[in-house]
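As C-alpha cells, the structure follows; a few thoughts come after it.
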Amino acid sequence: MSSVRLDGITKRYGHTLAVEDISLNIAEREFVTLLGPSGCGKTTLLRIIAGLIEPTAGRIYFDQQDVTYLSPRARNIGFVFQQPALFPHLSVADNVGFGLSVKGVRKDVIAKRVEDMLALVGLSGYGKRMPAQLSGGQQQRVALARVLATDPRVLLFDEPLSALDRNLRETLKYSILDLQRKTGKTAIYVTHDQTEAFAISDRIVVMNAGRIEQIGTQMDIYLHPATPFVAEFIGANNSLSGVVTSVQEGEVTVDADGLRIHCRPHSAFREGDAVLGYIRPENIALLNDKDDHDVHHIGYINVFDGVLDRVIFEGATAQVRVNVNGRELRVDVSGAQRLTLSRRGGRVRIGFNDVTLIPKPA
Amino acid sequence: MNRLLSTRRLTDIASHAYIWLLLLLFVMPFAALVNYSLTGPRGEFALQNFAYVFGSFTENLGWSFRISLLTLLINLAISLPAAYGLVRYNYPGKHLLFAFLSLPLYVPAAVLGIALVLTFNFTYRLTTSEWGLVLAMVVGSFPLMLTPTVVALKDLPIVFEEAAQCLGASKWQTYWRVVFPLIGPGIGAGMLLCFIIVFNEYLVTLFVKPTFITTAPVRVFNLVRTAGLLPTTAALAVVMQVISFLAVLLFFRIYGTRYLKGTYLL
Numbered sequence: 001m002s003s004v005r006l007d008g009i010t011k012r013y014g015h016t017l018a019v020e021d022i023s024l025n026i027a028e029r030e031f032v033t034l035l036g037p038s039g040c041g042k043t044t045l046l047r048i049i050a051g052l053i054e055p056t057a058g059r060i061y062f063d064q065q066d067v068t069y070l071s072p073r074a075r076n077i078g079f080v081f082q083q084p085a086l087f088p089h090l091s092v093a094d095n096v097g098f099g100l101s102v103k104g105v106r107k108d109v110i111a112k113r114v115e116d117m118l119a120l121v122g123l124s125g126y127g128k129r130m131p132a133q134l135s136g137g138q139q140q141r142v143a144l145a146r147v148l149a150t151d152p153r154v155l156l157f158d159e160p161l162s163a164l165d166r167n168l169r170e171t172l173k174y175s176i177l178d179l180q181r182k183t184g185k186t187a188i189y190v191t192h193d194q195t196e197a198f199a200i201s202d203r204i205v206v207m208n209a210g211r212i213e214q215i216g217t218q219m220d221i222y223l224h225p226a227t228p229f230v231a232e233f234i235g236a237n238n239s240l241s242g243v244v245t246s247v248q249e250g251e252v253t254v255d256a257d258g259l260r261i262h263c264r265p266h267s268a269f270r271e272g273d274a275v276l277g278y279i280r281p282e283n284i285a286l287l288n289d290k291d292d293h294d295v296h297h298i299g300y301i302n303v304f305d306g307v308l309d310r311v312i313f314e315g316a317t318a319q320v321r322v323n324v325n326g327r328e329l330r331v332d333v334s335g336a337q338r339l340t341l342s343r344r345g346g347r348v349r350i351g352f353n354d355v356t357l358i359p360k361p362a
Numbered sequence: 363m364n365r366l367l368s369t370r371r372l373t374d375i376a377s378h379a380y381i382w383l384l385l386l387l388f389v390m391p392f393a394a395l396v397n398y399s400l401t402g403p404r405g406e407f408a409l410q411n412f413a414y415v416f417g418s419f420t421e422n423l424g425w426s427f428r429i430s431l432l433t434l435l436i437n438l439a440i441s442l443p444a445a446y447g448l449v450r451y452n453y454p455g456k457h458l459l460f461a462f463l464s465l466p467l468y469v470p471a472a473v474l475g476i477a478l479v480l481t482f483n484f485t486y487r488l489t490t491s492e493w494g495l496v497l498a499m500v501v502g503s504f505p506l507m508l509t510p511t512v513v514a515l516k517d518l519p520i521v522f523e524e525a526a527q528c529l530g531a532s533k534w535q536t537y538w539r540v541v542f543p544l545i546g547p548g549i550g551a552g553m554l555l556c557f558i559i560v561f562n563e564y565l566v567t568l569f570v571k572p573t574f575i576t577t578a579p580v581r582v583f584n585l586v587r588t589a590g591l592l593p594t595t596a597a598l599a600v601v602m603q604v605i606s607f608l609a610v611l612l613f614f615r616i617y618g619t620r621y622l623k624g625t626y627l628l
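Chains Y and A supply the protein sequences, listed in that same order. Using the working numbering, read the first sequence as starting at 1 and increasing by one per residue. Using the working numbering, read the second sequence as starting at 363 and increasing by one per residue.
Next comes the structure, spelled out in C-alpha cells:
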C-alpha cells in the first residue's frame, strides 16, 4: 500500500500530446478513477504509472520513492487489463502463482497463497482448470487473484469490465471494490463509464484531451462541474448560454435569449458576465396545473410554461422534451408521474432550482 | 428427372474423380518406388533390401540425423531472437531486413553451394568440416524457421508479456515461461520445415561436405550414379520418405494443420 504522486507527467508522441502536465496525489488506500472519453489519455496515464510507458517529462513517486524510471517489474504493481490476459498454457493455479513463482518463492508457500487468493475471489477449487474452461467473468476474477497474490503496492485497472456483459459488470464492479477495501490497496481505475466510476470511487479524476478537467467526489463532479466539458460529459444536461443581468444576495439572474433564470451559484459572478448554465433533466419537475397559483409556495425559483414535444418511455424513467419559447429542454420523469404523461402537444409547466453556472470560456 | 443423373450428382462424381486422379498422379511414383524396394534378386517379394538399409546405410542415415539436429539447434538460437526483434521493436528498414533474411529461400541450391565453397575456402580459410556443412545448412534453411516464428509472434497479443512483466517476471522469465510456450506451434512448424529440407538436402551438401561425411541423400545420389538403380537404394529412399512423412504426421498430431497454412506443406 503506497500513496502515489504524479508530478507534471507529460507524454508526447511526435507532435501529439497524449498526456499533458498532469499532477495528482493519491492517498494510501484511496480508490481513484480516471474517467474520460476514449482517447483522452487516461489509459496512457495508467500505463505510465505502471511503467509500461515512459513519460516524456515529469516524475512518479510511490510513497517517497521516485519510480519514474523503474521497470514495471521493480514497481511491484498489480495491473488488471481490459482482457483477463490469463496465460492460456498455464492452469488457473499456475496463473495465480506466476508472480510468486518468478520471484523464486517455495512451492508449498505458493500453493497456500494461491488457495487463499482463489478463496478471496470466490473461486476455491478452480485451481486445476485451464483458463479456457472458465467464463469471462471467472477469468477476470482469476486475473484479480493473480495480481493480489504478489501483494502489490498499487492496483491499476484498465477498463477491466468493458469486455463483459452488463449483469456481470454490475456484480464484478462491487467485487473489485470489496477486494480493494479488504486488502487496503491503493487503487487507480480507468473507465469511460461514469456509472461505474460513480459506484466505486473515493475520488474521480475527469480527463479530456490529455488534461485533468476536474478532481473531486461524485457529488462535487455532479453538482459543481468545474468546466463545460465536465458539465456535458457527466450525465445528460440542458445547456444554456447567457449573460448575468443582476446579482442580489447570492441570487444571480441570467438572461439566456429571453429566458430569465434565477440561480444560487457557488462562485461569485458580476453583472455582465457571459456564462453557461446547465440544468440536469432529473432536477426539473413537471408541475400540475393545480400548483400554478403560488410559485414560491411550491419551492421552485424557476417556473416556465411549455409544450410537451415528445415523450420517450424508458421503463424506470421517462424522457420528456418540453418546448419553452422555442427552446427544447429535456426533463427526466420518474415515479408514478411517468405513467400518466400525455403523449405530446399538451401544455405543461416545469420548475427547477439547481442551475450550474460556469463562466463562458473565451 | 432421374435423381441418379441430376446435375448435382454429376458434378459430385466429376470432382471426386478429379481428386482421385490427382492423388494417383502424386502417389504413383512413390508406390512404384515402394514396390521396387520390395523386390528380391529374382523378382520375388523380399524384405531383405530393408535389412541392408539398417545395415550398410545406418551410417548415412545417422549423419543425416546428426546434421539435421545440429542445424535445427543453431536455427532455433538464431531465429527466436531475430523473430522477436523483427516483431516487437520498431526501427527503420525493418521490412527490408526481413526481406533480406528471407533471401536464401529464393537462391538456387547450386548458387548457394558455390557461394559457400568460395566463402569457406577463400574468405575464412576453413577447410570443409562437419561444422562447415552444418553452417551451410543453416544458411539455406533458417528463413524456414524464422518465417513461421515471426507469424506466430505477430499473432501473440503483447498483453501476455506485459502481464508477466507487471507480475515481476524478468525479460528471460517472460520469454521462457510465456512467449516461447505460446508461440510453440509456430516454432514447431518452423522446425518441421527445416528438418524436412535439411534431412533431404543433397545439392548444397555435395558442394561443402567433407570427404568423411556421406548423408543419406548423397548416398542415394552416388549409388544411382555409379551402380544404377538397385532395389536396396530404393529401400533407402523409401526409408527417407517415411521419416519425412512421420515428421509431418507427428506435427499434425500435436498442433493440427493451422500452423502450416501459407507454407508449401498445406
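Just so you know, even glycine gets a beta-carbon here, dropped at the ideal spot from N, CA and C.
For chain Y, the residues of the segment 537-552 of chain A that bring a beta carbon within less than 9 Å of one of its beta carbons are 539, 540, 543, 544 and 546, in chain order. Think of a sphere of 9 Å around the beta carbon of residue 514/A: no beta carbon from chain Y falls inside it, the nearest being about 13 Å out. Using beta-carbon distances, residue 83/Y counts as an interface residue toward chain A, with a partner under 9 Å.
Interface with chain Y (9 Å Cβ-Cβ cutoff): residue 519/A is included. Within its own chain, the residues whose Cβ lies closer than 6 Å to the Cβ of residue 198/Y, once the five positions on either side in sequence are excluded, are 218, listed in chain order. When Cβ-Cβ separations below 9 Å define contact, residue 11/Y makes no contact with chain A. Taking 9 Å as the threshold, the shortest C-beta distance from residue 68/Y to chain A does not fall below it. Listed in chain order, the non-local C-beta contacts of residue 401/A below 7 Å within the same chain comprise 408 and 593, local neighbours out to five positions each way being set aside.
Inclusion of residue 77/Y and residue 45/Y in the CB contact set at 9 Å is not warranted, their separation being larger than that value.
Judged by their CB atoms, residue 4/Y and residue 81/Y are not nearer to each other than the 9 Å cut-off.
Taking a C-beta distance under 9 Å as the contact criterion, residue 60/Y and residue 19/Y do not qualify as a contact pair. Between residue 506/A and residue 559/A, the gap from beta carbon to beta carbon is short of 9 Å. Beyond the five residues adjoining it in sequence on each side, residue 93/Y comes within less than 6 Å, by CB distance, of 114 and 127 in the same chain, given in chain order.
Between residue 425/A and residue 577/A, the gap from beta carbon to beta carbon is short of 9 Å. For residue 442/A, no CB of chain Y lies under 9 Å from its own CB, so it is not counted at the interface with that chain. Runs of alpha helix (DSSP H) with 4 or more residues, each lying fully within the segment 540-589 of chain A, are found at 546-562, 565-570 and 578-589, listed in chain order. The residues 395, 396 and 399, in chain order, have a CB closer than 7 Å to that of residue 600/A in the same chain once the five nearest residues on each side in sequence are set aside.
Contact annotation: the segment 148-162 of chain Y touches the segment 174-183 of chain Y, with at least three C-beta pairs closer than 8 Å.
DSSP places residue 178/Y in the uninterrupted alpha helix (DSSP H) bounded by 166-183. With its beta carbon at least 9 Å from every one in chain A, residue 14/Y lies outside the interface. The CB of residue 530/A comes closer than 8 Å to the CB of 73, 76, 99, 102, 103 and 150 in chain Y, given here in chain order.
About 18 Å separates the Cβ atoms of residue 50/Y and residue 8/Y, ruling out a contact at the 8 Å cut-off.
Taking the beta carbon of residue 524/A as reference, the chain Y residues within 9 Å of it are 47, 50, 52, 72, 79, 81 and 85, listed in sequence order. Boundaries around residue 115/Y are those of the alpha helix (DSSP H), 107-120, since no beta strand (DSSP E) includes it. For the pair of segments examined, the segment 178-193 of chain Y was found not to touch the segment 209-229 of chain Y: the number of CB pairs separated by less than 8 Å stays below three. For residue 61/Y, the enclosing beta strand (DSSP E) starts and ends at 57-62. Nearest neighbour of residue 124/Y by Cα position, chosen from 299/Y, 96/Y and 349/Y, turns out to be 96/Y. Per DSSP, the unbroken beta strand (DSSP E) holding residue 190/Y starts and ends at 186-191. For residue 147/Y, the closest C-alpha among the options 171/Y, 163/Y, 85/Y and 166/Y is that of 85/Y.
For residue 466/A, there is no enclosing beta strand (DSSP E), as DSSP marks it with neither H nor E. From the beta-carbon of residue 146/Y, the residues of chain A found nearer than 9 Å are 525 and 529. For residue 241/Y, the enclosing beta strand (DSSP E) begins and ends at 238-248.
For residue 535/A, the nearest beta carbon of chain Y is closer than 9 Å to its own beta carbon. Using beta-carbon distances, residue 89/Y counts as an interface residue toward chain A, with a partner under 9 Å.
Between the C-alpha atoms of residue 350/Y and residue 42/Y there is a straight-line separation of about 39 Å. Distance from the CA of residue 172/Y to the CA of residue 103/Y, rounded to the nearest whole angstrom, comes to 29 Å.
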